[in-house]
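Listed in order, the protein sequences are those of chains R and H. Here this note's numbering is used: the first residue of the first sequence is 1, the next is one more, and so on. Here this note's numbering is used: the first residue of the second sequence is 273, the next is one more, and so on. What follows is a short report on a single structure.
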Amino acid sequence: MPLIELRKVSKRFGRLIVLRDLSLAIEEGQSIVIIGASGSGKSVMLKHIVGLLRPDSGEVWFDGARIDDLPEKKLSELRQNFGFLFQMGALFDSLTVADNVAFPLVEHTHKAPDEIARIVQEKLTMIGLPDAGPKMPGELSGGQKKRVALARAIALNPRVILYDEPTTGLDPIRSDVINELILKLQRELKITSITVTHDMQSAFKIADRIVMLHEGQLIFDGSPDEIRKTEHPIVKRFVMGEADEQELASLRMTTAATSARPSRPQRATPSR
Amino acid sequence: MAIAMIEQVGRNTNNALAAFGDFCVFCYRTFVWLVTSGFRWKTLRLLFPQLYEVGVKSVPVVAVTGGFIGMVMAIESYTTFRTIGQEERMGSVITLSVVKQIGPVLAAVMLAGRVGGALTAELGTMNVTEQLDALRVMGADPVRYLVVPRFLACVLLTPILTIYSDIMGVFGGWMISTQFLGVPSGPYWFYVAKGVETWQVMEGVIKSIFFGGAIGLISCYKGFTCGSGASGVGRACTESFVESFIAIIVLNFFFAQFLRQLYESIYGIRGVFD
């Protein structure tokens with residue numbers, strides 16, 4: 001039985017259809033990467049899994065139980081099973097790093113302050129920032145913020161971690177640090193990972209399985225080796241990072257229009 | 273053309289009703305959380321920083337506004353009272369205007385600008401940086417965690433700041449009347465005590481509780497529903513101030529009517545100079 005299952009999920013915002021009859025099953029312990037162009041519905045899908053969004057039609061299942069129709073209070077309890085690394089970290093600006101990491105422990109558990117402080121230190125050490133506890137998020141670099149957000153996501157030892165574009169905005173070395181951290185958590189804690197990204201290097205490094213979303217539908221589902229060899233034109237272009245003929249044509253039209261525009265007349269020199 | 277216009281009107285009406293419905297649900301959720309967990313330590317510990325933000329930091333603004341309003345009232349009413357030789361009775365009119373109407377309304381408007389704007393900007397930024405989603409993922413309802421303490425701080429402190437504004441207004445009026453316009457201090461206070469009753473002071477204070485509630489709810493709601501990016505937050509702040517201001521003015525009208533009828537049904541009609 002899959003740990004997480006989406007059954008014919010559809011979602012629209014106003015007139016924009018973001019997900020169309022999307023079905024996906026994710027096994028426990030798997031590291032699945034969801035790729036797709038910006039606006040293809042990746043982050044929306046991730047938010048459906050954790051109940052932040054509810055589908056217009058279709059069902060979301062977790063551990064054999066339907067969760068998309070649960071009341072917010074039940075969902076809140078269920079979310080103890082999930083860690084979520086947000087795209088920009090989403091650290092609380094008004095709290096220190098230690099308080100940020102302690103937050104889910106304070107909200108979800110009745111642990112003593114000493115115990116919480118011990119867990120916070122353990123998690124910060126795990127992500128390689130053992131001395132960051134007293135700092136404010138504003139004092140951290142982009143990569144450090146993501147690592148702290150990761151420490152917060154694993155504070156409750158969740159069964160599933162959802163990563164929303166974990167390497168976006170980071171340089172290649174810091175991206176690799178995040179990738180290594182994801183792999184480390186995968187190996188050491190046996191966590192199910194669901195990663196949304198359009199960084200193919202990162203996808204190849206951390207994925208057991210890659211799926212691709214295009215206009216709210218699944219157009220590819222396979223292993224990293226399979227996606228390298230695929231002949232599906234959209235998937236192939238995405239993996240290779242190549243724009244299609246239509247996009248290039250519109251770019252050429254814009255360039256032609258710019259060069260055809262008459263140059264500004266020179267100002268006459270005022271005679272005295 | 274005409275059908276398109278009717279369609280547009282219909283769509284706008286629908287959107288306005290949907291937004292109002294959304295706001296009502298937001299208010300309901302705030303009250304449910306307020307009753308169920310508002311007075312637990314988990315929420316109360318979040319209240320103290322908000323009391324500081326809403327209350328302590330607003331003191332100078334409210335003091336200056338209140339003080340100058342009293343002073344202006346004294347200058348403006350002096351000539352009229354002098355022509356009828358009743359300068360000594362100025363105090364009752366100035367004080368009555370300050371504690372019943374101008375003090376509470378202006379204090380609330382200042383708070384809508386200072387506190388309301390800050391609340392919308394803070395929550396709006398949290399919204400666009402996904403911090404509200406992060407709260408939900410980590411088991412903390414954003415309404416309980418963010419709105420309830422801010423709403424409580426506004427409801428508890430707006431009346432206190434209004435009283436402070438009233439005191440500054442009364443003092444400002446007295447200072448200008450007696451120190452600069454030559455009205456004798458003793459008779460001034462005598463007529464203040466005669467013309468202003470506890471009921472009238474309380475009218476302003478009671479109104480201000482509701483003004484505070486409206487400011488808290490509207491500013492938090494605008495922050496929670498703001499559009500994406502810096503422009504979304506900026507627009508939400510403007511809307512928050514404008515809508516809080518309108519809410520204050522409209523509430524003030526209904527309270528003036530309601531409290532007048534209540535007063536007359538209890539005490540009958542009395543004049544200021546009786």
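Glycine included, every Cβ here is placed at the ideal spot set by N, Cα and C. Just so we're clear, the structure is a prediction, and the values are computed from it rather than from any experiment.
{"Item": "Same chain, Cβ closer than 7 Å to H/Arg-301, neighbours up to 5 away in sequence not counted", "Value": "Val-415"}
{"Item": "Separation of H/Gly-444 from H/Ile-432, as counted between CA atoms", "Value": "18 Å"}
{"Item": "8 Å Cβ cutoff, H/Arg-408 in contact with chain R", "Value": "yes"}
{"Item": "Closer than 8 Å to chain R by CB, H/Gly-411", "Value": "yes"}
{"Item": "Near-chain R residues of the segment 393-406 of chain H (beta-carbon distance less than 7 Å), N- to C-terminal order", "Value": "Thr-401, Glu-402, Gln-403, Asp-405 and Ala-406"}
{"Item": "Sequence-distant residues of the same chain with beta carbon closer than 7 Å to H/Leu-395, five excluded per side", "Value": "Leu-418, Cys-492, Gly-495 and Phe-496"}
{"Item": "Nearest to R/Met-88 (by Cα), restricted to the options H/Tyr-535, H/Gly-488 and H/Gln-403", "Value": "H/Gln-403"}
{"Item": "Cα-Cα separation, R/Ile-127 to R/Ser-94", "Value": "22 Å"}
{"Item": "Interface flag, R/Glu-107 vs chain H, CB-CB below 8 Å", "Value": "yes"}
{"Item": "Beta-carbon proximity check, R/Ser-40 vs R/Lys-8, cutoff 8 Å", "Value": "no"}
{"Item": "Residues near R/Arg-272 in its chain [Cβ-Cβ closer than 8 Å; skip 5 each side]", "Value": "Its pLDDT being 39, under 50, R/Arg-272 is placed unreliably by the model, and the measurement read from it follows with that caveat. Here the set comprises nothing."}
{"Item": "For R/Gly-51, three-class secondary structure by DSSP", "Value": "coil"}
{"Item": "Chain-order list of residues whose beta-carbon lies under 6 Å from that of R/Gly-169 (same chain, five-residue window excluded)", "Value": "Gly-142"}
{"Item": "Stretch-stretch touch, CB-based, cutoff 8 Å, three pairs: the segment 56-73 of chain R with the segment 136-156 of chain R", "Value": "no"}
{"Item": "Cβ-based neighbour list, R/Ala-155, same chain, cut-off 6 Å, excluding 5 preceding and 5 following", "Value": "Val-101, Pro-104, Leu-105 and Lys-123"}
{"Item": "Cα-Cα separation, R/Val-97 to R/Thr-230", "Value": "43 Å"}
{"Item": "Residues that DSSP places opposite R/Trp-61 in a beta bridge", "Value": "R/Glu-5 and R/Arg-66"}
{"Item": "Cutoff 7 Å; reference H/Pro-459; Cβ partners in own chain excluding five residues on either side", "Value": "Glu-360"}
{"Item": "CB contact below 8 Å: R/Pro-270 versus chain H", "Value": "Residue placement at R/Pro-270 cannot be trusted, given a pLDDT of 49 that sits under 50; what the coordinates show is reported in the next sentence. Answer no: the Cβ-Cβ gap between R/Pro-270 and chain H never drops below 8 Å."}
{"Item": "Under 9 Å from the C-beta of R/Pro-104: neighbouring residues of chain H", "Value": "Val-409, Met-410, Gly-411 and Ala-412"}
{"Item": "Under 9 Å (Cβ pairs) to chain C, residues found in the segment 26-50 of chain R", "Value": "Although the question refers to chain C, the structure presented lacks it and instead comprises the protein chains R and H."}
{"Item": "Pairwise C-alpha distance: H/Leu-316 and R/Ser-10", "Value": "40 Å"}
{"Item": "In DSSP terms, what R/Ser-31 is bridged to", "Value": "R/Ser-193"}
{"Item": "8 Å Cβ cutoff, R/Met-136 in contact with chain H", "Value": "no"}
{"Item": "Below-8 Å beta-carbon distance, R/Ser-193 vs any chain H residue", "Value": "no"}
{"Item": "Whole runs of the alpha helix (DSSP H) within the segment 100-131 of chain R, excluding any shorter than 4 residues", "Value": "113-126"}
{"Item": "Cβ separation of H/Ile-520 and H/Phe-483, assumed to be a contact under 8 Å, to the nearest whole Å", "Value": "5 Å"}
{"Item": "Three-way DSSP call (helix, strand, coil) for H/Ala-528 in this model", "Value": "helix"}
{"Item": "Touch test, the segment 318-336 of chain H against the segment 419-431 of chain H, Cβ-Cβ under 8 Å, three pairs minimum", "Value": "yes"}
{"Item": "Extent of the continuous beta strand (DSSP E) to which R/Leu-24 belongs", "Value": "16-26"}
{"Item": "Reduced DSSP secondary structure (H/G/I, E/B, other) of R/Gly-83", "Value": "strand"}
{"Item": "Partner residues on chain H for R/Met-88, Cβ-Cβ distance less than 7 Å", "Value": "Thr-401 and Glu-402"}
{"Item": "Cβ-Cβ separation, H/Gly-327 to H/Gly-441 (assumed contact under 8 Å), whole Å", "Value": "No, H/Gly-441 and H/Gly-327 are not in contact; Cβ-Cβ is about 18 Å, not under 8 Å."}
{"Item": "Amino acids of chain H, ordered along the chain, whose beta-carbon sits closer than 8 Å to that of R/Leu-16", "Value": "Ordered by position in chain H, no residue passes the 8 Å Cβ test against R/Leu-16, which lies about 14 Å from the chain."}
{"Item": "R/Thr-192 and R/Gly-29 closer than 8 Å at C-beta", "Value": "yes"}
{"Item": "Chain-ordered neighbours of R/Glu-72 on chain H, where CB pairs are closer than 9 Å", "Value": "Arg-408 and Asp-413"}
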